[in-house]
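S.K.: Let me begin by handing over the structure; questions about it come next.
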Amino acid sequence: MKKSLWMLLSLVLVMSMLLTACGTKGASEDVTVKFFHKWPEPEQLEYYNYVIAEFQKTHPNIKIEMEAASDEAYKDKIRILMSSGEVPDIYFSWAGEFSWKFARAGQALDITDALMNSDWKDKIVLSAVEPYKVDGKIYGVPMRINAKFMVYNKDIFAQYNLTPPTTWDEFLAVSKTLKDAGVTPVGFGNEFPWASAHYVGDFNAKLVEGTVLKADYLLTAEPDKLFTDPGYVEALTRFKMLGDLGYFNDGANGISHSNARSSFMAGKVGMFYCELEEFVTINQEFQNFGFFQLPGGTGGAGDQKLLTGAPDGFMVYGKTEHPAEAIEFLKFLTSPEMGKEYVKRLGIPSAAVGAVSADNALPTVVEGLNAINNASGMALWMDTDMNIKIVEVYLPGMQAVLSGSKTPEQVMQEVHDIAVTVQAELKSQ
Amino acid sequence: MNSLRFRKKLTPYLLLLPAIIVMLVFVYLPIVENIYYSLFRWSSIDPTMKFIDIQNYTRIFKDTIIGGALKNNVLYSVISVIFQVFISLVLAAILESRIIRHRWANIFRNTLFMPAVLAITVVGITFQLIYSPNSGLLNQLLRGIGLDSLAHAWLGEEGTAIYAIIAVSQWQWVGYDMILFIVAIQAIPDELYEAAKIDGASGLQQFFNITIPMVRETILVLSTITVIGGFKVFDIVWVMTAGGPNNASQTLGGYLYRVGFRNDEMGYASALATLLFLITLALTFIQLRIGRTGKEA
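These protein sequences, in sequence, are chains A and B.
When you line the first sequence up against my numbering, it's residues 1056 to 1484, in that order.
When you line the second sequence up against my numbering, it's residues -15 to 281, in that order.
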């Protein structure tokens, strides 16, 4: 009797579990759009929550599920999500090659139609859309614009009677003065070597002629010519020189970028090469700073006025089940109204037309955006602008050049070799 | 009667069945699948898989980074065994030998054990700060006592990076292994030590002739685990240097991860995973063999 009672109870338990599982398939019309970005910092999350809340007011039946991962973690997570098939409907992507590889694999939706055949195209700075194009089709939309500037401590400069340099030689002179006076000229944290890529990328753009550079980065050049321009070795040599002359702090390869930034904010170094988006962070602790573009001007076949920087934006998952809703939210996110709010809260230039003005941004940020608009062009972040396999050889190579364990010629030889291999691989696919 | 005996014989296997199924599905099947996947070129971004035969394996021989990574793994294993097996045994013997007053022995034991409960990321980030070239505790200490020349950019220099990381691992785990040895030593009957003392054996002689033979099993198990750990290591290295600078502190596990999750070459990563599996399998075999050859009845 007892045994059959237990059997009956367990049967009822199992049945109820099965039934509840069936029951949760609600008959609601709500659409859920998954949204993934790389800014988990509290201020950024606040902004995105605000955007979502505003969006829900006009679109009550579209639910937005947001997820965020920090810079390095994002690079891993997006790949894990893609291989598991649980790709977010909208996800962040750097422009350039980084976004093209998603487009090539069919993981990004072609939004040329949605963007160009609606009023959306009038609300975005169209030049910022360019790096998201593959074969003339648009796969991503920019949300903000970022560029790299050398910020300097105005107090320290005043103390040694220095003015912001406008040529490379002036920059070297300023650094020398600081070094001789016992002040670390430039704070530099290269634990994650994208930091050195921003220097070397800038030098590459200024020392190598534009079409040659493009052909090398995009692997359209002849195999035996890939990355053989002497400008590349010159760029690495220049970078190495900064290290050898002691213009960087000691042990840069072991310090993180944010640690170096803290040194600048604490007034311990004279200059710091950082992104426009970091101005607001720096400003929280230290206000008396200015900025200048990393100068060109000791000859070089490239464009001396190019500014290193890039748009940052989002792509829509190629196989999304809710393309219309995802695009709707993306349009809202990149609208001038949301853009203005972005600039006001975070001090970073939005890619929406007319979003940045004096009444919602730090003066330095407005100046920075003007500099971007006045630059002859942008040199994209080098490590997102070329195939990842080349990046994985080039960047450690920069660390090696800084530490002295490899010469610039050796590194460029390795870069050439891997570029040839990758080019062949891509051709065979 | 027959069916009762059959059921009796069957029962242990039935009880083992769930565990066996779990092992098959989550351990053995993935190993086989992994070997299968290593014969293709594929990435997490592009789901198409291209059969490339054993190219991923021939590539291992041409890869310049793997040599350095394996060397780091060997260093890791060897140094870890020295500290986590031998030195922790010595520490355990000292703490159990009643040379030190019981209360102090307890305090030492707890203090030495505490690092083991800390999360790896916490440890990694803390030591990054300690190792910081300009503001870190270690260099400040060295400069403070006049040893300026010994101050390095511990994690930023290719010559010191991996050793700095290995040191952190020892700091974290020596106490833990010491506790395991203490348990093993406590199981040694006192009479052996008393008999030895009566015969006039010194402390050192007691250590070599009684303690070590009696904890042989623990030594064997810990060495095996430590050596394998030295080859599997990933998290502490990733947090502290991500394998840099310039791959100087790269390990097989970290390189595997980079190849699969940054270079988008999952096929090659699978081949590296198979390599790791074969290495640890071989090492386990060897260690069990060595352990067995000394076994007296």
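Every residue gets a Cβ at the ideal spot worked out from N, C-alpha and C, and that includes glycine.
Fair warning: this is a prediction, and the values are worked out from it, not measured in the lab.
Using beta-carbon positions only, say whether M162(B) and A255(B) come within less than 9 Å of one another.
M.R.: no
S.K.: Measuring CB to CB, does F1110(A) end up less than 9 Å from G1423(A)?
M.R.: no
S.K.: So that I know if they touch, is there some Cβ in chain B lying closer than 9 Å to that of E1447(A)?
M.R.: Yes - at least one Cβ of chain B is within 9 Å of the one on E1447(A).
S.K.: Mind checking if P1378(A) is an interface residue toward chain B, Cβ cutoff 9 Å exclusive?
M.R.: With 9 Å as the cut-off, P1378(A) does not count as an interface residue toward chain B.
S.K.: Measure the alpha-carbon distance for R87(B) versus I150(B) and round it to whole angstroms.
M.R.: In this structure, the straight-line span from the alpha carbon of R87(B) to that of I150(B) is close to 31 Å.
S.K.: Is the Cβ of I29(B) closer than 9 Å to any Cβ of chain A?
M.R.: yes
S.K.: Less than 9 Å between the C-beta atoms of A1169(A) and K1386(A), yes or no?
M.R.: yes
S.K.: I think A1356(A) touches V1475(A), with their Cβ atoms under 8 Å apart; what is that distance to the nearest whole Å?
M.R.: Contact doesn't hold; Cβ gap of about 23 Å is too wide.
S.K.: Rounded to the nearest angstrom, how far is the Cβ of Q234(B) from that of Q154(B), given a contact under 8 Å?
M.R.: The pair is not a contact, with the Cβ atoms about 20 Å apart (cut-off 8 Å).
S.K.: Only counting the same chain, and skipping five residues up and downstream in sequence, which positions put a Cβ closer than 6 Å to that of L1349(A)?
M.R.: Once the five neighbours on either side are set aside, the close Cβ partners of L1349(A) are M1205 and D1257.
S.K.: Would you mind sorting M1433(A) into buried or exposed? The rule is 16 or more other CB atoms within 10 Å of its CB.
M.R.: buried
S.K.: Between I1107(A) and the rest of its own chain, which residues show a CB-CB distance below 7 Å, the 5 nearest in sequence each way excluded?
M.R.: I1119 and M1121
S.K.: So, under 8 Å CB-CB, G159(B) and P99(B) are touching, yes? Tell me the CB distance rounded to an integer number of Å.
M.R.: That belief holds up - the Cβ atoms of G159(B) and P99(B) are roughly 6 Å apart, short of 8 Å.
S.K.: By the 10 Å Cβ neighbour count, where 16 or more other Cβ atoms means buried, how is K1080(A) classified, buried or exposed?
M.R.: Residue confidence is low: K1080(A) scores 48 on pLDDT, short of 50, so the model does not pin down where it sits. Its coordinate-derived value is still stated next. Looking at its Cβ environment, which holds fewer than 16 other Cβ atoms inside 10 Å, K1080(A) is exposed.
S.K.: Tell me, please, whether the CB atom of N118(B) is closer than 9 Å to any CB atom in chain A?
M.R.: yes
S.K.: Under 7 Å Cβ-Cβ, which residues of chain A neighbour E142(B)?
M.R.: The contacting residues are S1458 and S1460.
S.K.: Ignore the nearest five residues each way along the sequence and tell me which others in G1151(A)'s own chain have a CB closer than 6 Å to its CB.
M.R.: P1186, L1435, T1439 and D1440
S.K.: By how many angstroms is the C-alpha of V1241(A) removed from the C-alpha of D1235(A)?
M.R.: CA-to-CA, the gap between D1235(A) and V1241(A) works out to about 13 Å.
S.K.: For L260(B), which option in Y241(B), F245(B), L13(B) and V152(B) has the closest C-alpha, if you only look at C-alpha atoms?
M.R.: Y241(B)
S.K.: Just how far apart, CA to CA, sit R(-11)(B) and L0(B)?
M.R.: 18 Å
S.K.: Since R246(B) meets chain A, which of its residues come closer than 9 Å, beta carbon to beta carbon?
M.R.: Chain A residues near R246(B): K1130, D1131, R1134, I1443, V1446 and E1447.
S.K.: Between which two residues does the alpha helix (DSSP H) holding A136(B) run?
M.R.: The sequence as given places His at residue 136(B); Ala does not occur at that position. No alpha helix (DSSP H) holds H136(B); DSSP gives it neither H nor E.
S.K.: Return helix, strand or coil for R85(B), following the three-state DSSP convention.
M.R.: coil
S.K.: In angstroms with no decimal places, state the Cα-to-Cα distance between A1213(A) and L1300(A).
M.R.: 23 Å
S.K.: If we ignore side chains and look at the alpha-carbon of each, how far apart do Q189(B) and F92(B) end up?
M.R.: 24 Å
S.K.: For I84(B) and I78(B), which I take to be in contact (beta-carbon distance under 8 Å), what is that distance rounded to the nearest angstrom?
M.R.: 7 Å
S.K.: Measuring only between beta-carbons, confirm whether D1305(A) sits less than 9 Å from chain B.
M.R.: It does: the Cβ of D1305(A) has a partner Cβ on chain B nearer than 9 Å.
S.K.: Does N1314(A) have its Cβ less than 9 Å from a Cβ in chain B?
M.R.: yes
S.K.: At which residue ranges does the stretch 192 to 267 of chain B contain complete beta strand (DSSP E) runs of 3 or more residues, listed in the order of the chain?
M.R.: Annotation note: the stretch 192 to 267 of chain B contains no uninterrupted beta strand (DSSP E) run of length 3 or greater.
S.K.: Taking the C-alpha atoms as reference points, what is the distance between Y1328(A) and Q112(B)?
M.R.: 22 Å
S.K.: Helix, strand or coil: how does DSSP classify N1343(A) here?
M.R.: coil
S.K.: For Y41(B), which option in G187(B), S28(B) and Y20(B) has the closest C-alpha, if you only look at C-alpha atoms?
M.R.: Y20(B)
S.K.: Tell me the rounded alpha-carbon separation between A179(B) and I172(B).
M.R.: Going from the Cα of A179(B) to the Cα of I172(B) covers about 13 Å.
S.K.: Count the C-beta pairs between the stretch 1445 to 1455 of chain A and the stretch 1242 to 1249 of chain A that are closer than 8 Å, then say yes if the count reaches three, no if not.
M.R.: In this structure the stretch 1445 to 1455 of chain A touches the stretch 1242 to 1249 of chain A; the number of beta carbon pairs closer than 8 Å is three or more.
S.K.: Anyone know if the C-beta pair for F1346(A) and P1219(A) falls short of 9 Å?
M.R.: yes
S.K.: Please report the Cβ distance between G1309(A) and P117(B), rounded to the nearest whole angstrom; I am assuming they are in contact, meaning their Cβ atoms lie under 8 Å.
M.R.: 6 Å
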